[in-house]
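**Q**
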Amino acid sequence: MDKLIVAQSGPLNGEVRISGAKNAALPILAATLLADGRSYISNVPHLHDTTTSIELLGEMGVSLSVDERMAVEVDTSSISSFVAPYELVKTMRASILVLGPLLARFGEAEVSLPGGCAIGSRPVNLHIDGLRAMGADIRVENGYIHATARRLRGARIVMDIVTVTGTENLMMAAALADGETILENAAREPEIVDLADFINAMGGKVTGAGSDTIRISGVERLQGTRFEVLPDRIETGTYLVAAAITGGRVRTLDTRPHLLDAVLAKLRDAGADIHYGEDWIELDMHGKRPRCVDIHTAPHPAFPTDMQAQFCALNTVGEGVGTVTETIFENRFMHVQELKRMGANIKLEGNTAIIAGCQQLNAAPVMATDLRASACLVLAGLAAEGETMIERIYHIDRGYERIEEKLAGLGAVIRRIAG
Ligand code: EPU
99 MDKLIVAQSG
109 PLNGEVRISG
119 AKNAALPILA
129 ATLLADGRSY
139 ISNVPHLHDT
149 TTSIELLGEM
159 GVSLSVDERM
169 AVEVDTSSIS
179 SFVAPYELVK
189 TMRASILVLG
199 PLLARFGEAE
209 VSLPGGCAIG
219 SRPVNLHIDG
229 LRAMGADIRV
239 ENGYIHATAR
249 RLRGARIVMD
259 IVTVTGTENL
269 MMAAALADGE
279 TILENAAREP
289 EIVDLADFIN
299 AMGGKVTGAG
309 SDTIRISGVE
319 RLQGTRFEVL
329 PDRIETGTYL
339 VAAAITGGRV
349 RTLDTRPHLL
359 DAVLAKLRDA
369 GADIHYGEDW
379 IELDMHGKRP
389 RCVDIHTAPH
399 PAFPTDMQAQ
409 FCALNTVGEG
419 VGTVTETIFE
429 NRFMHVQELK
439 RMGANIKLEG
449 NTAIIAGCQQ
459 LNAAPVMATD
469 LRASACLVLA
479 GLAAEGETMI
489 ERIYHIDRGY
499 ERIEEKLAGL
509 GAVIRRIAG
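Here it is in structure tokens:
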């Protein structure tokens with residue numbers, strides 16, 4: 099298994115291009131199943147998870163071609179299977195996103211039930227309940243969700259927890275249902291808006307995406323289209339934290355500043371100077387040590403859980419004390435024990451980590467446990483004296499495109515060891 103070796107680096111300096119958003123590309127690739135004919139999706143990030151999605155669609159008989167810039171051409175006119183097998187779902191939970199589109203277009207889907215996950219139990223009951231409310235017949239048996247429907251019917255669905263992929267699955271299913279669906283307490287993440295834009299570009303009728311009430315008027319059929327995936331706000335935030343933790347100055351390019359309001363506010367609290375234009379953000383720390391900040395994760399537009407681990411790393415070397423409270427996932431603090439092995443001063447109390455910043459972390463061999471935890475360890479490695487060896491970095495390849503090349507381009511001392 100590959101490892102990353104990260105040496106104390108910085109201050110980081112330079113420009114980095116941001117890739118397309120993983121969490122928008124995955125539902126958009128699934129949504130191509132809704133349409134007849136060809137779609138052409140550009141700005142798809144080159145990641146393990148997007149490759150898994152492409153493999154999953156391929157197993158269903160979809161023909162796909164990918165050019166060298168990861169623009170994906172998808173032809174869904176010849177689907178031969180409606181199954182998302184355990185072998186693929188166990189490597190990527192987001193495979194559940196094919197459930198809604200398959201059921202809506204073909205009246206049939208068999209999707210492995212995703213199991214638990216390092217960050218929490220992550221059930222999919224709201225996906226299933228919502229589809230049942232739209233008239234689907236669903237059995238969960240032998241680890242699989244077996245779903246059938248004649249034509250789904252529009253329904254008013256109130257979700258009792260805000261769920262991102264749940265909202266996406268129901269929005270896709272409703273796009274081809276008979277009548278109007280109203281999703282109440284819907285997730286408001288930018289990736290939901292991107293998916294709604296894609297469905298509308300295919301001829302769908304979705305309004306209200308980005309608010310907590312989404313209305314979808316089902317149409318008889320959707321047509322393939324061309325679409326560019328929005329930039330990755332979490333990748334953007336991760337490189338900005340890399341600049342902040344090393345006292346550096348970094349400009350992220352091809353991004354969208356307004357998607358990161360809550361993150362930028364916390365970086366300013368940490369002492370960073372931030373400037374932005376239409377599609378770039380520059381953070382300048384002027385060589386200073388950051389201040390510790392208090393974080394409380396919550397659904398968008400509040401502070402994203404996917405940036406929580408990176409801010410834990412920032413606080414470990416900050417001035418003062420910061421508290422980080424995780425409210426979305428019940429077990430998303432696996433990075434804390436690894437940070438402690440690097441000398442971080444962290445006390446976990448329930449779902450809050452109390453972090454007293456120290457002057458200097460020390461390198462240690464550490465283990466990545468999930469995607470954002472691995473990003474946190476890379477950031478900590480940039481600020482730690484010595485060489486930090488990070489194992490199990492396949493997690494990071496699920497969500498960060500060429501992270502070691504991008505960081506090296508900013509002056510970080512980082513290398514991958516194949517193993
Ligand atoms: N939940 C339920 N029942 C459901 C669905 C969700 O109880 O049917 C609970 C979950 O257990 C969790 C909360 O609701 O406690 C929110 O989970 P959500 O469904 O919103 O998470 P998700 O859709 O599985 C997406 C992202 C995650 C991101 C979360 C929260 C994708 C592919 N994944 O997951 O991204 O952390 O939303 O913003 O969009 C990552 O990129 O590292 C990542 C984990």
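Numbering-wise, the sequence shown is residues 99 to 517 according to the working numbering. Cβ atoms here follow ideal geometry from the backbone N, Cα and C, with glycine treated the same way. Treat the numbers as computed from the prediction; the structure is a model and nothing was measured.
Going by DSSP, which residues form a beta bridge with lysine 303?
**A** Ser315.
**Q** How close, in whole Å, do the beta carbons of phenylalanine 431 and alanine 451 come, if the pair is a contact with beta carbons under 8 Å?
**A** So it is a contact: roughly 6 Å between Cβ atoms.
**Q** Let's test the definition: count the other Cβ atoms within 10 Å of the Cβ of isoleucine 515 and tell me whether it reaches 16, buried, or not, exposed.
**A** So isoleucine 515 ends up on the exposed side.
**Q** Tell me the rounded alpha-carbon separation between glycine 112 and glycine 509.
**A** Using only the alpha carbons, I get a separation of about 8 Å.
**Q** If we ignore side chains and look at the alpha-carbon of each, how far apart do glycine 479 and proline 183 end up?
**A** Taking the straight line from one Cα to the other gives about 37 Å.
**Q** Helix, strand or coil for valine 415 per DSSP?
**A** In the structure shown, valine 415 sits in coil (DSSP, three-state: anything other than H, G, I, E or B).
**Q** Count Cβ pairs between the region 164 to 171 and the region 341 to 353 that sit closer than 8 Å; are there 3 or more?
**A** At 8 Å Cβ cutoff, the stretches do not touch.
**Q** Using a Cβ-Cβ cut-off of 7 Å (strictly less than) and excluding sequence neighbours within five positions of glycine 441, which residues of its own chain qualify?
**A** The answer, listed in chain order, is Cys456, Leu459 and Asn460.
**Q** DSSP on glutamine 321, reduced to helix/strand/coil?
**A** Three-state result, glutamine 321: strand.
**Q** Here's the rule: buried if 16 or more other CB atoms are within 10 angstroms of the residue's CB, otherwise exposed. What is arginine 248?
**A** Looking at its Cβ environment, which holds fewer than 16 other Cβ atoms inside 10 Å, arginine 248 is exposed.
**Q** Would you say phenylalanine 431 touches the ligand SAH, meaning its beta carbon is less than 7 Å from a heavy atom?
**A** Ligands in the displayed structure: the ligand EPU; the ligand SAH is not one of them.
**Q** CA-CA distance, valine 339 and threonine 425?
**A** Answer to the nearest angstrom: the Cα atoms are 21 Å apart.
**Q** Looking at C-beta atoms only, is the number of pairs between the region 102 to 110 and the region 491 to 507 that lie closer than 8 Å three or more?
**A** Yes, the region 102 to 110 touches the region 491 to 507.
**Q** Compute every distance between the C-beta of proline 329 and the non-hydrogen atoms of the ligand EPU, then say whether any falls below 7 Å.
**A** Outside the cutoff, so no.
**Q** Name the residue from Val464, His144 and Met270 whose alpha carbon lies nearest to the alpha carbon of arginine 500.
**A** Nearest C-alpha to arginine 500: His144.
**Q** Let me make sure I understand the geometry here. Which of Asp258, Lys303, Val464 and Ala207 has the alpha-carbon closest to that of aspartate 276?
**A** Of Asp258, Lys303, Val464 and Ala207, the residue nearest in Cα terms is Lys303.
**Q** Select from Leu124, Val222, Ala285 and Val317 the residue whose C-alpha is nearest the C-alpha of glutamate 278.
**A** Measuring from the Cα of glutamate 278, the nearest candidate turns out to be Val317.
**Q** Using the Cα positions of lysine 120 and glutamate 447, report the straight-line distance between them to the nearest angstrom.
**A** Distance between the alpha carbons of lysine 120 and glutamate 447 is about 31 Å.
**Q** Mind pulling the alpha helix (DSSP H) runs of 4 or more residues that sit fully within the region 447 to 517?
**A** Complete alpha helix (DSSP H) runs here, min 4: 469 to 481, 492 to 495 and 501 to 506.
**Q** For aspartate 367 and arginine 389, I'd like the C-alpha separation in whole angstroms.
**A** C-alpha separation (whole angstroms): 7 Å.
**Q** Please report the distance separating the alpha-carbon of valine 476 from that of isoleucine 488.
**A** Cα-Cα distance, rounded: 8 Å.
**Q** On the CB-based measure, 16 or more other CB atoms within 10 Å of its CB, does serine 193 come out buried or exposed?
**A** It is buried - the Cβ of serine 193 has at least 16 other Cβ atoms within 10 Å.
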